[in-house]
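Trainee: Residue numbers (our numbering), protein chains in the order written: chain A, 414 to 671; chain B, 3 to 211. Here's a structure for you.
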Ligand SMILES: C[S@@+](CC[C@H](N)C(=O)[O-])C[C@H]1O[C@@H](n2cnc3c(N)ncnc32)[C@H](O)[C@@H]1O
């Protein structure tokens, strides 16, 4: 019988000591140990105290790492913020439109009330954007650096979660965000109405793409999407900023704009 | 101050544990004693209702559902020569539990799902006591699994049961009857009672193998 223990493997009554950090994470067994773990492990340590001291240190370290990863579920917060921001922007646009209509006819107290409301929504929108910026730079520094917090957050929202974003291939990232308008356009066309079929996703609003001549945008988008896929993985698994990605994207942009 | 259990003191109807540490969850600290608030900790409620558990201070204890460590912090005062394996699966409260574990030498914090003891079976040794407070529908099943894996033959356990999390469609007294019956089927019942007025529709069940 083999047993996986936090300090090693017990194989046919022979103890093979394994790196504790690795062993701790593989300390699974299908049935209860027929011996006391502490009795077997104690001989590896100076004394009883040392056994617990070591175990505690490893448990704290590994669980701390895990908890940080879990807390990255702050992505759910970002998703909710992006949704809220989009609602607010939509209401704001709608109100502005109506206000213009009314103003074309009269100018009175009522139009001032509209104005105040729009300003208020504007302020709220800015607050939410600031918050998105704060959280995104913390949980996803690399894609935020590449795309800016707002676009990066939108990408996350469309993917549904950080975990899902990380699993997306670059080709999907490239067109992401266009789906909704695509469906809308298709259903209009179905009804015999006129509609433009969108060709670009969220990342097409990136200045590096928009500033290029049309003929080169596709190339840039493909390159950028590939780098975003890498950046997202670094963000998810390590969470540290990697300057070289942005550098590569900038270089490619310069090449293409020549 | 009167010592009513190891390192547990009663004064003017208030409970304290003897402690060298500071406040963990907002409780008062008076020169070497930490107030133990029964509304915050079900174990404190049980003790204030007159029940006692005889700890020597050297026990190995497995705690399922440690949350941010409110009760764990007092148990760590009590088992000052023992070890507490504190299992919790939610990340947010675990952050606070980690802070506690970093200052207390007798707490091993474990971010695991208590319903899968297999996964931590090579980490937790055989223990003298299992404490469970997880408000889950299948908490008895979870308890049984952990007893199988970790409780010594002469060991005992204490569980906190919230009626609503087991079955919200039946009356609490029916739920408690059923839960107690299930425990008695396999184990020896040492004591059980409600935790009113501190925790509504909660009971504790204290038993041994
Ligand atoms: C009522 S709280 C515990 C309070 C704590 N015992 C105290 O008195 O300080 C219940 C805890 O159990 C945790 N929990 C529920 N199911 C669990 C499981 N399967 N594994 C680990 N923890 C679980 C919850 O995340 C929650 O933090």
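Don't be surprised by glycine CBs; every beta carbon is placed ideally from N, CA and C.
Classify residue 609 (chain A) as helix, strand or coil using the three-state DSSP reduction.
Mentor: As a first step, residue 609 (chain A) must be located in the first chain, where it is residue number 196. Of the three classes helix, strand and coil, the one that applies to residue 609 (chain A) here is coil, per DSSP.
Trainee: Measuring straight from C-alpha to C-alpha, what distance separates residue 650 (chain A) and residue 576 (chain A)?
Mentor: For the purposes of this step, residue 650 (chain A) is identified with residue 237 of the first chain, where counting begins at 1. For the purposes of this step, residue 576 (chain A) is identified with residue 163 of the first chain, where counting begins at 1. Distance between the alpha carbons of residue 650 (chain A) and residue 576 (chain A) is about 10 Å.
Trainee: If you run the structure through DSSP and keep just helix, strand and coil, what is residue 429 (chain A)?
Mentor: Numbered from its first residue, the first chain carries residue 429 (chain A) at position 16. Here residue 429 (chain A) sits in strand by DSSP.
Trainee: Does at least one heavy atom of ligand 1 sit under 6 Å from the Cβ of residue 101 (chain B)?
Mentor: Indexing the second chain from 1 puts residue 101 (chain B) at position 99. No; taking the cut-off as 6 Å, the Cβ of residue 101 (chain B) has no heavy atom of ligand 1 nearer than that.
Trainee: Which word fits residue 111 (chain B), buried or exposed, when buried means at least 16 other C-beta atoms lie within 10 angstroms of its C-beta?
Mentor: Mapped onto the second chain, residue 111 (chain B) falls at position 109. With 16 or more Cβ atoms within 10 Å of its Cβ, residue 111 (chain B) is classed as buried.
Trainee: Please state whether DSSP places residue 624 (chain A) in a helix, a strand or coil.
Mentor: Start at 1 with the first residue of the first chain, and residue 624 (chain A) comes out as number 211. Residue 624 (chain A): coil per DSSP, three-state reduction.
Trainee: Tell me whether residue 550 (chain A) sits in a helix, a strand or coil according to DSSP, three-state version.
Mentor: Position 137 of the first chain, counted from the first residue, corresponds to residue 550 (chain A). Three-state result, residue 550 (chain A): helix.
Trainee: Starting from residue 36 (chain B), trace the beta strand (DSSP E) in both directions and tell me its first and last residue.
Mentor: To locate residue 36 (chain B), count along the second chain from 1; it is residue 34. It spans 35–37 - the beta strand (DSSP E) in which residue 36 (chain B) sits, taken as one unbroken run.
Trainee: Is there a Cβ from chain A that is less than 7 Å from the Cβ of residue 121 (chain B)?
Mentor: Against the second chain, residue 121 (chain B) aligns to sequence position 119. Taking Cβ atoms only, chain A reaches closer than 7 Å to residue 121 (chain B), which makes this a yes.
Trainee: By the 8 Å beta-carbon criterion, what residues does the stretch 146–157 of chain B contribute toward chain A?
Mentor: For the stretch 146–157 of chain B, which is checked against every Cβ of chain A, the residues closer than 8 Å are 150, 151 and 152.
Trainee: How close, in whole Å, do the beta carbons of residue 57 (chain B) and residue 35 (chain B) come, if the pair is a contact with beta carbons under 8 Å?
Mentor: Stepping through the second chain from its first residue, residue 57 (chain B) is reached at position 55. Stepping through the second chain from its first residue, residue 35 (chain B) is reached at position 33. In fact, because the Cβ distance is near 17 Å, the residues do not count as touching under 8 Å.
Trainee: Excluding the five sequence neighbours on either side, which residues of its own chain have a C-beta within less than 6 Å of the C-beta of residue 9 (chain B), listed in chain order?
Mentor: Numbered from its first residue, the second chain carries residue 9 (chain B) at position 7. Excluding sequence neighbours, residue 9 (chain B) sits near 19, 20, 79 and 80.
Trainee: Using a Cβ-Cβ distance cut-off of 7 Å, determine whether residue 620 (chain A) contacts chain B.
Mentor: Translated into the one-based positions of the first chain, residue 620 (chain A) becomes position 207. So no, residue 620 (chain A) is outside the interface.
Trainee: Tell me, please, whether the stretch 100–107 of chain B touches the stretch 125–145 of chain B by the rule of three or more beta-carbon pairs shorter than 8 Å.
Mentor: These segments do not touch.
Trainee: In the DSSP assignment, find the beta strand (DSSP E) that holds residue 204 (chain B) and state where it starts and stops.
Mentor: Counted from its first residue, the second chain places residue 204 (chain B) at position 202. From DSSP, the beta strand (DSSP E) with residue 204 (chain B) extends over 204–210.
Trainee: Using the three-state DSSP reduction, which class does residue 110 (chain B) fall into: helix, strand or coil?
Mentor: One-based indexing of the second chain puts residue 110 (chain B) at position 108. It is a strand residue.
Trainee: By DSSP, does residue 152 (chain B) sit in helix, in strand, or in coil?
Mentor: The count along the second chain starts at 1 and reaches residue 152 (chain B) at position 150. Looking at residue 152 (chain B) - three-state DSSP - the assignment turns out to be helix.
Trainee: Is any beta-carbon of chain B found at less than 7 Å from that of residue 661 (chain A)?
Mentor: Position 248 of the first chain, counting from 1, holds the residue named residue 661 (chain A). Judged by the 7 Å Cβ criterion, residue 661 (chain A) is not in contact with chain B.
Trainee: Relative to ligand 1, is the shortest distance from any of its heavy atoms to the C-beta of residue 69 (chain B) smaller than 6 Å?
Mentor: Sequence index remark: in the second chain, residue 69 (chain B) carries index 67 (1-based). Checking the Cβ of residue 69 (chain B) against ligand 1 gives yes.
Trainee: Assuming the contact rule is C-beta atoms closer than 8 Å, residue 579 (chain A) and residue 646 (chain A) should be a hit. Round their C-beta distance to whole Å, please.
Mentor: Within the first chain, the letter at position 166 stands for residue 579 (chain A). Within the first chain, the letter at position 233 stands for residue 646 (chain A). With a Cβ gap of about 6 Å, residue 579 (chain A) and residue 646 (chain A) count as contacting.
Trainee: Would the C-beta of residue 90 (chain B) count as close to ligand 1, meaning under 6 Å from any of its heavy atoms?
Mentor: Stepping through the second chain from its first residue, residue 90 (chain B) is reached at position 88. Residue 90 (chain B): yes, Cβ under 6 Å from ligand 1.
Trainee: Measuring from the CB of residue 136 (chain B), is there a heavy atom of ligand 1 at a distance below 6 Å?
Mentor: Residue 136 (chain B) sits at position 134 when you count from the first residue of the second chain. Yes, the Cβ of residue 136 (chain B) comes within 6 Å of a heavy atom of ligand 1.
Trainee: Is residue 200 (chain B) helix, strand or coil when you go by DSSP?
Mentor: As a working note, residue 200 (chain B) is residue 198 in the second chain. It is coil, neither helix nor strand.
Trainee: Against chain A, which members of the stretch 67–97 of chain B pass a CB distance test of less than 7 Å?
Mentor: Of all residues in the stretch 67–97 of chain B, 85, 93, 96 and 97 have a Cβ within less than 7 Å of some Cβ in chain A.
Trainee: Would a C-beta distance cut-off of 7 Å place residue 91 (chain B) and residue 193 (chain B) closer than the cut-off?
Mentor: Residue mapping note: residue 91 (chain B) aligns to position 89 of the second chain, counting from 1. Residue mapping note: residue 193 (chain B) aligns to position 191 of the second chain, counting from 1. Not in contact: residue 91 (chain B) and residue 193 (chain B) (Cβ atoms no closer than 7 Å).
Trainee: Bridge partners for residue 20 (chain B) per DSSP, in chain order?
Mentor: For the purposes of this step, residue 20 (chain B) is taken as residue 18 along the second chain, with counting starting at 1. Note: residue 20 (chain B) sits in a beta bridge opposite B:35.
Trainee: Assign residue 554 (chain A) to buried or exposed, taking buried as 16 or more other Cβ atoms, counted over all protein chains shown, within 10 Å of its Cβ.
Mentor: Looking up residue 554 (chain A) in the first chain gives position 141. Residue 554 (chain A) comes out buried.
Trainee: CB of residue 19 (chain B) to nearest heavy atom of ligand 1: below 6 Å?
Mentor: Stepping through the second chain from its first residue, residue 19 (chain B) is reached at position 17. It does not: the Cβ of residue 19 (chain B) is nowhere closer than 6 Å to a heavy atom of ligand 1.
Trainee: Quick check: the Cα distance between residue 67 (chain B) and residue 623 (chain A), rounded to an integer number of angstroms?
Mentor: Here residue 67 (chain B) refers to the residue found at position 65 of the second chain. Here residue 623 (chain A) refers to the residue found at position 210 of the first chain. Whole-angstrom Cα-Cα distance: 53 Å.
Trainee: Indicate whether at least one CB of chain B lies closer than 7 Å to the CB of residue 415 (chain A).
Mentor: To locate residue 415 (chain A), count along the first chain from 1; it is residue 2. Closer than 7 Å: no.
Trainee: Counting only Cβ pairs nearer than 7 Å, list the residues of chain A close to residue 110 (chain B).
Mentor: As a working mapping, residue 110 (chain B) is identified with position 108 in the second chain. Within 7 Å Cβ-Cβ: 468, 469 and 472.
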